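Below: one structure, written as structure tokens.
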Amino acid sequence: MSDELRSAIMYGSLEPGAQLGEAELAARLGISRGPLREAMQRLVQEGLLVSEPHRGLFVITLDEGDVEDVYLARLAIEREACRLIMDRNRGEAVARLTEALEALVAAARERDRVAMSDADQAFHEVLVSSSGSPRLERMAHTLLVETRMCLNALQDTYPEPADLVEEHRRLVDAIGDGEEEHLLTLIEEHMTDSIHRLRES
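With full-length UniProt numbering applied, the sequence shown covers 1 to 201.
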């Protein structure tokens, strides 16, 4: 049940700032209120819902500072993931990332913003998992929903599909070429570019 709620928040069917009425939501999801209440409390603990006294539960709203914080946290995680990839099996990482890149290329070809967001996020999940660090992967996973909320907000400010593909292709190429410093510069530019685009939106 908490996964269903998390997914609804992630993909925007429960919008930022939306109030969650227990009875209405239980009817909508076709479940009893007990399990729903437990799931909602879990999401409060995860920081995806906020409880306001005398008002109820609301989906979090990410302001500019929150979005910047999400991307700074992602940068710290992904920069370290890149270092580990360069020290370990670059070949395997390139193979997995190339496959993820192909999904992004396909979405970009169709100019499908939602599919591009999905493929963008999947690429970065593969990047972190390729580091071989379960803890980095776990840390990245905790940012998953907030990252997706940021990507939903970024859809209207996305670069041209060809440019987005090229940004990710350069990351794969830098890993393949063993250019660690260049890779770290690229991942930092990639994250800070997202922050700048959100600020300008």
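Built from N, CA and C at the ideal position, the CB exists for glycine as well.
Since we're looking at a predicted model, the values are computed, not measured.
G65 carries a helical assignment under DSSP once its states are collapsed to helix, strand and coil. Rounded to the nearest whole angstrom, the C-alpha separation of E68 and A107 is 26 Å. Bounds of any alpha helix (DSSP H) do not take in S133, whose DSSP letter is neither H nor E.
G91 carries a helical assignment under DSSP once its states are collapsed to helix, strand and coil. Between the region 156–165 and the region 100–120, the count of C-beta pairs closer than 8 Å reaches three or more; the two stretches touch. Where S2 is concerned, the enclosing alpha helix (DSSP H) starts and stops at S2 to M10. Residue pairing by DSSP places F58 opposite Q19 and V50 in a beta bridge. Residue environment analysis places R55 among the exposed positions, since fewer than 16 neighbouring C-beta atoms fall within 10 angstroms of its C-beta. Shortest Cα-Cα distance from S194 to any of V105, L75 and L25 involves L75. Contact check between the region 180–194 and the region 133–144: fewer than three CB pairs, one atom from each, fall below 8 Å, which does not count as touching. With the rule of 3 Cβ pairs closer than 8 Å, the region 23–43 does not count as touching the region 171–179.
The C-beta of H196 has fewer than 16 other C-beta atoms within 10 Å across all chains shown, which makes the residue exposed. Proximity to T157 across R199, Y11 and Y71 peaks at R199, based on C-alpha coordinates.
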